[in-house]
Structures are given as structure tokens and as C-alpha cells.
Amino acid sequence: MNERELTGLMYKLLSPKENPERWRLYLELFAKHVLRLDMTAAELDSAEIYGEYPTRFTERTRYIDLVIITLKRFIPVEVKIEAGSGQSQCDDYLREAQIHNRKYYFNEPPILYYLTLHGYFPERTSAPNTGYGDINDLAIHQDKIIKLTFRTELLPWLEECLKHAPKNFSCRNNLSRLLSYVRKITQRTKPQLQVEDIMRKFFTALEKRFDKNFCRKYRLKFDAGYEQPYNYEILKFFFKGHSAPNIGFLCTDAAGNVIKFGDDKELWFFVESYNGGENDFKRSRTLSASFVIYDSKIYNAICKRADIKRLLDGKNILPQDFIKDYWQKGQKLAGMIGKTDLPQGNPIDFYDVDETLARFKNQADIDSAVDNIMAEIENLLRRVVYG
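223 is the number that this note's numbering gives to position 232 of the sequence shown; each next residue is one higher, with no gaps.
Here it is in C-alpha cells:
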């Protein structure tokens, strides 16, 4: 099945004309599972669905794979199985959304939903003006482009739709064909599934160790509006796109105030395991702990050396050797300040399936590793908090 066939089936499931029996329910489920939007009944009722929506900002017409237009937003969805994006393609689609928003006085900012098999962001050449900053900025602006994957978003939507299968044979067949194909291309090997299970148990055990007393002692704060993303990230860990199962906490000062840099940047502490995908920064693929300045304007970390130095150098926030180390290594650390591999001397690489299965044979092995890692994390946090 090629991209055009796949997006054509998606359109047929969501179209009132093609699927009059279930389109409204399927759109509601699409908003929930794929777009992660809470649409009102009025917005859902107002929706118009377009397959291959035309745009013309170059000499030839380009077509957005799927567009949903409601009473308050223009939603472009671009779908990729293996192919990349063309020159300024994503920029053009976002421009189309912006033009529509201005014409109809929509308040919602334009966002492109980029749905791929592996969870890739588009190439810099496809979104040079809206998806990325200047030429030296490798961080994608996730307030403009949201990446989705077949396994984490498309598959749950289709499986939920199956619970409410249409009576119409043609519509039911469209759903069955699309679901079967997506299940097939998102399959993992048995060893990979075993490692995914190990990772869930590992991060669950690790998260429990960050209880209220621990967080109070080391000036960490759980963001009530933030769900630890390790379960979601594990689902795409063995695809080629970027995945980093992690747990994260806001850093606070002695008075319990979140450490901020202006209105839009906060200091976080993360423990994460990176899969090596989309490695523009050339950083290591191991479990690590670090501090990150998170920019809520672009929904991503601050990465550039000059920005890290400007925000932290000479201030009593993090040890100065952390800043010096980042300054010397440059963007290789991807915004990870004070990056420490865990455990030191024998770091964990979950992407190495054989090593992981040999290292973690049971829950006792996982618990023992968590004990050792927490001791090293305490040493790191103690140094930051108490000097």
C-alpha cells in the first residue's frame, strides 16, 4: 500500500459522503487519539473533510494529504511511509493554514500534523522558515509541527474505530484493510517486545523512587499537568525516528519556586534513554541524567552553546563545570547540561536488544539496577543542591 492509498482510506473513513454511518464518531476518535484535541460537539458537527487539498505556492500544485476544517481551525495532516518531504513543502502547508486562519479570523495557531511510520520530523529543507530557527539551530519548533507515528497515534485510532465498525460492507472493508496494513508495518520482533516490557518495568520502578520526600530533599517538583512520557516513547523506541523514554521534574530554588529564565523557559531534571534516531546532535545512545532548559514557546530544549552560556554562566544555578563542559562539546549534548551516563562505567543501552535481555532477566535485576542508578542520581543532585 502506498501513501496515496493509505491517506485515501483515511479520508474515506472520516468523510460524511463516504462513511455517513460512522464519520462523526470516527472524527471524534481521530481528534482524541491522533490530533489529541478536545473538540466540542459543535466543532465536530461543523467539520469538513478534504482528501488531497490543493495548495499552490510554487509553479506546480501541491496537495496536502488530509485537511480537516472546523468552525475554529484549519488542520493539515501530512502522511509519510518512507519518502521524505519536498523543498519548502511543510512551510507551504503551514502558509496555507495561516492564510485560511486569517481569512476566517481563527484564533487557533496553524499547526501541521506530520504522521509517519518511524516518527521522523521533516527535513530542514522542507520547513526552513517555520519548523526550524536559524541555520545553526537544530531544534525543531514543535509549536508549528507535531510529529505523529503510525504505532502511537494511527493504530490506537483504528483499533478504537473497530469497536464501532460500520454495517456498510464497503466502509467496514476500508477499515479492515487500513487496520491490517498498519498492524503489519508496525510489528516488532519478539525480542524487541521483551525489551519494551523491561523498559516499562524499569521506568515504573525508577519513577516510584522519586517520591515526595526525595523531591523535597533535592528541590524537584512534579508538574501536575505533565504526564511522564516513557510509556508513549517506548512504543516507538525501535523505529528509526527519535525516541527518548524519560521521567522529568521541574527544578526549584530553596524556597520551592520553579527556576525560570523569563516567562517561557524553565529548568528541568531528566533521566532518559535515547534510541539514537534522527541523531543530528551525534549524542550517545545510553541512559543518562541531565538538566535541560525547556522553551515552552517552541516545545523543545534550548540547545545552542551561546544560549546555555548566556542563561547559566556566572549564576549560582548549576555547577560551572557543567556549563564549561557544554560550551566545549557544543550542541553534541542536545541541550543536556551536566549529562551523566547511568550507571557510570557500564551505562545502559536499551536499544542493544541482546545486551538488555542478558542484563535484565527478571524484576530483581531491574530493581538492583534502579538502586545503583538512584545512588548516582542522588550524588548528582546533592552536588547541585548542596554544593
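For glycine and all other residues, C-beta sits at the position ideal for the given N, C-alpha and C.
Burial state of residue 13, where buried means 16 or more other Cβ atoms lie within 10 Å: For this step, residue 13 is matched to residue 22 along the sequence shown. Residue 13 comes out buried.
Residue 264 - partner residues in DSSP beta bridges: Indexing the sequence shown from 1 puts residue 264 at position 273. The partner list for residue 264 (beta bridge, DSSP) reads 278.
Assigned exposure category for residue 64 - 16 Cβ within 10 Å defines buried: If you number the sequence shown from 1, residue 64 lands on position 73. Within a 10 Å sphere around the beta-carbon of residue 64 sit 16 or more other beta-carbons, which makes this residue buried.
Three-state secondary structure (DSSP) at residue 286? Counting from 1 along the sequence shown, the entry for residue 286 is found at position 295. In this structure, residue 286 counts as strand in the three-state DSSP scheme.
Beta carbon of residue 55, beta carbon of residue 84: below 8 Å? Here residue 55 is taken as the residue at index 64 of the sequence shown, counted from 1. Here residue 84 is taken as the residue at index 93 of the sequence shown, counted from 1. Their beta carbons are under 8 Å apart, which means residue 55 touches residue 84 by this criterion.
Please go through the same chain and pick out, in chain order, the residues whose beta-carbon is closer than 6 Å to the beta-carbon of residue 290, but skip the five residues on each side of it. Residue mapping note: residue 290 aligns to position 299 of the sequence shown, counting from 1. The residues are 133, 134.
Around the C-beta of residue 17, are 16 or more other C-beta atoms found within 10 angstroms, so that it is buried, or is it exposed? Along the sequence shown, one-based indexing puts residue 17 at 26. The residue is buried, with at least 16 neighbouring Cβ atoms inside 10 Å.
Tell me residue 332's beta-bridge partners as DSSP assigns them. Taking the sequence shown and counting its residues from 1, the one referred to as residue 332 is at position 341. DSSP lists 279 as partners of residue 332.
Check residue 367 in the structure and name its three-state DSSP category. Counted from its first residue, the sequence shown places residue 367 at position 376. DSSP places residue 367 in helix when its eight states are reduced to three.
To the nearest whole angstrom, what separates the beta carbons of residue 24 and residue 144, a pair I think is in contact under 8 Å? Taking the first residue of the sequence shown as 1, we reach residue 24 at position 33. Taking the first residue of the sequence shown as 1, we reach residue 144 at position 153. Yes, they are in contact, since the Cβ atoms of residue 24 and residue 144 sit about 6 Å apart, within 8 Å.
Under the rule that 16 or more other beta-carbon atoms within 10 Å means buried, what is residue 236, buried or exposed? For the purposes of this step, residue 236 is taken as residue 245 along the sequence shown, with counting starting at 1. Per the 10 Å Cβ criterion, buried.
Please confirm if the stretch 243 to 255 is in contact with the stretch 215 to 225, defined as three or more CB-CB distances below 8 Å between the two stretches. Using a C-beta cut-off of 8 Å, the stretch 243 to 255 makes no contact with the stretch 215 to 225, since fewer than three inter-stretch Cβ pairs fall below that distance.
Quick check: residue 70 and residue 106, are their CB atoms within less than 8 Å of each other? Numbered from 1 along the sequence shown, position 79 holds the residue referred to as residue 70. Numbered from 1 along the sequence shown, position 115 holds the residue referred to as residue 106. Cβ atoms of residue 70 and residue 106: closer than 8 Å.
Under the DSSP definition of a beta bridge, which residues are partnered with residue 53? Locating residue 53 in the sequence shown gives position 62, where the first residue counts as 1. The partner list for residue 53 (beta bridge, DSSP) reads 46.
For residue 365 and residue 200, which I take to be in contact (beta-carbon distance under 8 Å), what is that distance rounded to the nearest angstrom? On the sequence shown, position 374 is the one that residue 365 refers to. On the sequence shown, position 209 is the one that residue 200 refers to. Contact holds; Cβ gap of about 5 Å.
Indicate whether the contact test is met: 3 or more Cβ pairs, each with one atom in the stretch 338 to 356 and one in the stretch 281 to 301, closer than 8 Å. Cβ pair count under 8 Å is below three, so no.
With burial defined as no fewer than 16 other Cβ atoms inside 10 Å of the residue's Cβ, what is the status of residue -4: buried or exposed? Numbered from 1 along the sequence shown, position 5 holds the residue referred to as residue -4. It is exposed - the Cβ of residue -4 has fewer than 16 other Cβ atoms within 10 Å.
Cα-Cα separation between residue -1 and residue 172, rounded to whole angstroms: Here residue -1 is taken as the residue at index 8 of the sequence shown, counted from 1. Here residue 172 is taken as the residue at index 181 of the sequence shown, counted from 1. Residue -1 and residue 172 have their C-alpha atoms spaced approximately 13 Å apart.
Go ahead and label residue 51 buried or exposed: buried means 16 or more other beta carbons lie within 10 angstroms of its beta carbon, across all protein chains shown. Taking the first residue of the sequence shown as 1, we reach residue 51 at position 60. Answer is exposed; the Cβ neighbour count stays below 16.
Cβ shell of residue 300 (< 7 Å), same chain only, five flanking positions each side left out: Taking the first residue of the sequence shown as position 1, residue 300 is located at position 309. Same-chain partners within the cutoff: 314, 318.
Given residue 344, which residues of its chain have a CB within under 7 Å of its CB, disregarding the five upstream and five downstream residues? Along the sequence shown, read from residue 1 onward, the residue named residue 344 stands at position 353. These residues qualify, in order along the chain: 182, 183, 186.
Can you give me the Cβ contacts of residue 372 inside the same chain, cut-off strictly under 6 Å, excluding the 5 residues immediately before and after it? Stepping through the sequence shown from its first residue, residue 372 is reached at position 381. Here the set comprises 209.
For residue 141, I'd like the list of residues in its chain whose CB is within less than 8 Å of its CB, leaving aside the five on either flank, ordered along the chain. Here residue 141 refers to the residue found at position 150 when the sequence shown is read from its first residue. Only 106, 107, 108, 173, 176, 177 meet the Cβ criterion.
Enclosing alpha helix (DSSP H) for residue 347 [first to last residue]: If you number the sequence shown from 1, residue 347 lands on position 356. Unbroken alpha helix (DSSP H) run through residue 347: 344 to 350.
Determine which residues share a DSSP beta bridge with residue 307 and list them. By one-based count along the sequence shown, residue 307 stands at place 316. Per DSSP, 309.
4-residue-minimum alpha helix (DSSP H) runs that sit fully inside the stretch 47 to 120, ordered along the chain: Those alpha helix (DSSP H) runs which fall completely within the stretch 47 to 120 and span 4+ residues are 80 to 94.
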